[in-house]
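S.K.: Residue numbers (the working numbering), protein chains in the order written: chain R, 276 to 386; chain P, 12 to 123.
This is the structure I have questions about; it appears just below.
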């Protein structure tokens with residue numbers, strides 16, 4: 276049973292570019308959440324998707340957007356990249372009140 | 012606004028020692044609290060989940076407790092091993108079962 280898978284594992288971009296990160300949830304999970312983790316800090320909630328709708332959003336600008344597909348997979352898009360967007364981006368999936376399961380993340384570096 | 016604090020930020024113990032990691036939160040209206048382990052450069056591995064109606068959960072050498080009234084949770088690790096070395100994070104989920112707020116973690120080093 277595959278867990279949460281994220282792609283790509285590493286990505287290097289320059290300021291002003293756009294990036295798309297992808298997440299496939301654990302089998303049987305219908306809810307996907309995205310988090311940003313800066314070095315040495317805990318993850319910060321970006322937003323959560325359920326039934327293809329954004330259900331809740333954290334304190335991130337509109338440059339951060341997402342999508343959930345009918346098969347529950349999800350994408351995170353970031354426009355107009357800034358140096359401060361360099362971080363580990365984590366995807367978590369869940370179902371009902373069961374524990375969240377996390378992927379290994381995408382390491383995004385902005386030059 | 013929920014705030015989660017983990018103390019200490021770092022902890023070093025000799026192998027075999029029992030230890031307690033602390034997590035405190037400011038808003039007691041929570042849905043659940045989850046403890047995670049994170050190895051360097053990796054994602055998060057779920058250790059224990061405590062629902063808001065529960066007081067504790069146990070898995071092997073790990074025991075987590077929850078006291079909503081005081082806004083505190085502890086993770087007890089018995090007979091620590093070098094393989095337990097990692098960063099331990101606690102996350103509090105709000106009552107609408109959406110956003111989780113994380114602490115910055117406690118980095119544990121268990122020396123052989």
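Note that beta-carbon positions come from the ideal geometry of N, C-alpha and C, so glycine has one too.
Just checking, does the region 299 to 318 of chain R make contact with the region 99 to 115 of chain P on the three C-beta pairs under 8 Å criterion?
M.R.: Yes: the two stretches touch, three or more of their Cβ pairs being nearer than 8 Å.
S.K.: Residue 107(P) versus chain R: which residues are under 8 Å apart at the beta carbon?
M.R.: Going along chain R in sequence order, the residues near residue 107(P) (Cβ under 8 Å) are 331.
S.K.: Step through the CB atoms of chain P and report whether any lies within less than 8 Å of the CB of residue 351(R).
M.R.: Chain P contact via Cβ: absent.
S.K.: How many Å lie between residue 121(P) and residue 328(R) at the Cα?
M.R.: Computed Cα separation, rounded: 44 Å.
S.K.: CB residue 374(R) to CB residue 60(P), shorter than 8 Å?
M.R.: It is a contact, given that the beta carbons lie within the stated cut-off.
S.K.: Helix, strand or coil for residue 379(R)? Go by DSSP, reduced to three states.
M.R.: Coil, per DSSP.
S.K.: From what residue to what residue does the beta strand (DSSP E) around residue 282(R) run?
M.R.: Residue 282(R) -> beta strand (DSSP E) spans 280 to 282.
S.K.: Going by CA-CA distance only, name the one from 281(R), 304(R), 321(R) that's closest to residue 345(R).
M.R.: Among 281(R), 304(R), 321(R), the Cα nearest to that of residue 345(R) is on 304(R).
S.K.: Mind checking residue 89(P): buried by the 16 CB within 10 Å criterion, or exposed?
M.R.: It counts as exposed.
S.K.: Taking just the CA atoms, how far does residue 295(R) sit from residue 385(R)?
M.R.: Cα to Cα, residue 385(R) sits roughly 14 Å from residue 295(R).
S.K.: Looking at the strands, I want to know which residues DSSP matches up with residue 341(R).
M.R.: The partner list for residue 341(R) (beta bridge, DSSP) reads 351(R).
S.K.: Residue 383(R) and residue 288(R): beta carbons closer than 8 Å?
M.R.: In contact: residue 383(R) and residue 288(R) (Cβ atoms closer than 8 Å).
S.K.: Assign residue 94(P) to one of three DSSP states: helix, strand, or coil.
M.R.: Residue state, collapsed to three classes: helix.
S.K.: On the CB-based measure, 16 or more other CB atoms within 10 Å of its CB, does residue 137(P) come out buried or exposed?
M.R.: Only positions 12 to 123 of chain P appear in this structure, which leaves residue 137(P) out of reach.
S.K.: Shortest alpha-carbon distance to residue 321(R) belongs to which of 284(R), 341(R), 314(R), 302(R)?
M.R.: Of the listed residues, the one whose Cα sits closest to residue 321(R) is 341(R).
S.K.: Which two residues bound the contiguous beta strand (DSSP E) that contains residue 81(P)?
M.R.: First-last for residue 81(P): undefined, no H or E at that position.
S.K.: Please return the same chain residues whose Cβ sits closer than 7 Å to the Cβ of residue 355(R), not counting the five positions on each side in sequence.
M.R.: The answer, listed in chain order, is 291, 338.
S.K.: At a CB-CB cut-off below 8 Å, which residues of chain P make contact with residue 377(R)?
M.R.: Simply 47, 54, 55, 56, 57.
S.K.: Under 8 Å, Cβ to Cβ, is there at least one residue of chain P near residue 359(R)?
M.R.: Judged by the 8 Å Cβ criterion, residue 359(R) is not in contact with chain P.
S.K.: Can you name the start and end residues of the beta strand (DSSP E) that residue 117(P) belongs to?
M.R.: 117 to 122 is the span of the beta strand (DSSP E), which, as asked, contains residue 117(P).
S.K.: Can you tell me the Cβ-Cβ gap for residue 54(P) and residue 317(R), rounded? I've got them flagged as a contact below 8 Å.
M.R.: So it is not a contact: roughly 13 Å between Cβ atoms.
S.K.: Buried or exposed: residue 23(P), going by 16 or more other Cβ atoms within 10 Å of its Cβ?
M.R.: With fewer than 16 other Cβ atoms within 10 Å, it is exposed.
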